[in-house]
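Everything in the sequence shown is counted per full-length UniProt numbering, starting at 1 for the first residue and increasing by one. Okay, structure first, notes after.
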Amino acid sequence: MCDLNQQLTADLNWYVILNETSDGQPQRWFYLNGGEDAQGIWLNTPYAEWREVMPNIARISPEHPFLDWITNESCADWGIVVGAEADFATVQAHFRSLTHVWLPAGEHVFFRFYDPRFALDVASLCDDEQRIALMGPTQCWLRVAAQEALTRVDNPAPISQTNFQARAFPWWTVPEAVLAGLSEDPGVLVNNLLQGLSEYQQALYDAYPEPVLRQKTERFVARYQGEEDGYLAAFIELIEQEQQRLGML
Numbered sequence: 001m002c003d004l005n006q007q008l009t010a011d012l013n014w015y016v017i018l019n020e021t022s023d024g025q026p027q028r029w030f031y032l033n034g035g036e037d038a039q040g041i042w043l044n045t046p047y048a049e050w051r052e053v054m055p056n057i058a059r060i061s062p063e064h065p066f067l068d069w070i071t072n073e074s075c076a077d078w079g080i081v082v083g084a085e086a087d088f089a090t091v092q093a094h095f096r097s098l099t100h101v102w103l104p105a106g107e108h109v110f111f112r113f114y115d116p117r118f119a120l121d122v123a124s125l126c127d128d129e130q131r132i133a134l135m136g137p138t139q140c141w142l143r144v145a146a147q148e149a150l151t152r153v154d155n156p157a158p159i160s161q162t163n164f165q166a167r168a169f170p171w172w173t174v175p176e177a178v179l180a181g182l183s184e185d186p187g188v189l190v191n192n193l194l195q196g197l198s199e200y201q202q203a204l205y206d207a208y209p210e211p212v213l214r215q216k217t218e219r220f221v222a223r224y225q226g227e228e229d230g231y232l233a234a235f236i237e238l239i240e241q242e243q244q245r246l247g248m249l
């Protein structure tokens, strides 16, 4: 656990963003390991009742026992660790403002800042100006899980708590270069499509065993030749058509 402990310095406040769509049940393990007062990020939004999938945020200390679970037992998509000079309410408000983001084509979608397999890739692919806007009042985002190397993305110029103003979502646009970078990594895209399918069409996601669905997703990614921002819609349509042929829809 030394690598993670060394990252959590005393000059910052530290938070965990818990991914409630993860099969690893991070919120349950947070409370079993001494966690207290995790709060929903989508509270006071139209998604306030989506408690089963709502990401949660909680304050932690550099000595918190939950860090042991993160380092030794967590799964890859449990959530992220966030460092900031800002207080809890400010950080919560910033992540709430990222509930939806714009795509370059003009549609807005849920932004999975709570899934480290996606969030840190997006942040790392941004240039400095884009990263400053995306990360807002936070100093750094950490991705760490059992049997994985720690990844850290730093904000070049965090917005001070005094200057921070909460925004209504969607306000941030995913840069085209970031989408292009994500599309060049098939593994990232496969994970994103599986996550998107589970969020938008849970019944379709549940229609297949996970290994079978992952194979279908990998084949789709390898063959897809459409627009970069059309991946998810085309993938959902493909699965719907297959289910219709099987007489399941």
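Where a beta carbon is used, it is the ideal one built from N, C-alpha and C, also for glycine.
Notebook entry, point to check: Could you give the uninterrupted runs of the alpha helix (DSSP H) lying entirely in the stretch 178 to 215, keeping only those of 4 residues or more?
Noted result: 186 to 200, 202 to 205
Next item on the list: Alpha carbon to alpha carbon, how far is residue 26 from residue 20? Give it in angstroms, no decimals.
Entry: 7 Å
Next item on the list: Throw me the rounded Cβ distance for the residue 61 and residue 171 pair, which I believe falls under 8 Å.
Entry: Not quite, the Cβ-Cβ distance comes to about 32 Å (not below 8 Å), so this is no contact.
Notebook entry, point to check: In chain order, what residues of the same chain have a beta carbon less than 7 Å from the beta carbon of residue 196, not counting five sequence neighbours either side?
Noted result: 232
Item checked: Buried versus exposed, by CB contacts within 10 Å (16 or more), residue 9 -> exposed
Check: Which of the three DSSP states, helix, strand or coil, is assigned to residue 40?
Finding: strand
Notebook entry, point to check: Is the stretch 82 to 93 touching the stretch 140 to 155, taking contact as three or more C-beta pairs under 8 Å?
Noted result: yes
Checklist line | residue 67 burial status per 10 Å Cβ neighbour count (16 or more: buried) | finding: buried
Next item on the list: Leaving out five residues on either side along the sequence, give the residues of the same chain with a beta carbon under 7 Å from the beta carbon of residue 69.
Entry: Excluding positions up to five away in sequence, the list reads 29, 33.
Margin query: Bridge partners for residue 151 per DSSP, in chain order?
Written below: 143
Next item on the list: Please work out which residues of its chain come closer than 6 Å, Cβ to Cβ, to residue 151, disregarding the five sequence neighbours upstream and downstream, and give them in chain order.
Entry: 120, 143
Check: Thinking C-alpha only, which one of 223, 99, 133 is nearest residue 44?
Finding: 99
Notebook entry, point to check: Going by beta carbon distance, what residues of the same chain come within less than 7 Å of residue 183, once the five residues before and after it are set aside?
Noted result: 189, 228
Next item on the list: Decide if residue 79 is buried, meaning its Cβ has at least 16 other Cβ atoms within 10 Å, or exposed.
Entry: buried
Next item on the list: Could you tell me how far apart the beta carbons of residue 155 and residue 132 are, in whole angstroms, since I believe they sit closer than 8 Å?
Entry: 6 Å
Next item on the list: Tell me the start and end of each unbroken alpha helix (DSSP H) in the UniProt domain "DUF4123" (14 to 131) that is at least 4 residues and wholly inside, in chain order.
Entry: 26 to 32, 66 to 72, 88 to 96, 116 to 125
Next item on the list: With DSSP as the reference, label residue 217 as helix, strand or coil.
Entry: Looking at residue 217 - three-state DSSP - the assignment turns out to be helix.
Item checked: CB contact below 8 Å: residue 110 versus chain D -> The chain labelled as chain D is not found in the depicted structure, where only one protein chain is given.
Notebook entry, point to check: So, is residue 35 buried or exposed, given that buried needs 16 or more other C-beta atoms within 10 angstroms?
Noted result: buried
Notebook entry, point to check: Is residue 92 buried or exposed, if buried means 16 or more other CB atoms sit within 10 Å of its CB?
Noted result: buried
Notebook entry, point to check: Among residues of its own chain, excluding the 5 on either side of residue 175, which ones have a beta-carbon nearer than 7 Å to its beta-carbon?
Noted result: 126, 130
Next item on the list: Take residue 160 as the anchor and find which of 90, 41, 180 has the nearest alpha-carbon.
Entry: Among 90, 41, 180, the Cα nearest to that of residue 160 belongs to 90.
Checklist line | residue 242 versus residue 48 - alpha carbon distance | finding: Rounded to the nearest angstrom, the two C-alpha atoms are 33 Å apart.
Item checked: Residues near residue 108 by beta carbon distance below 6 Å, same chain, minus five either side -> 100, 102, 170
Margin query: Quick check on DSSP: helix, strand or coil for residue 1?
Written below: Unreliable placement is indicated for residue 1, whose pLDDT of 44 sits below 50; no coordinate value is reported for it.
Item checked: C-beta contact flag for residue 38 and residue 56 at 8 Å -> Result yes, Cβ atoms of residue 38 and residue 56 sit closer than 8 Å.
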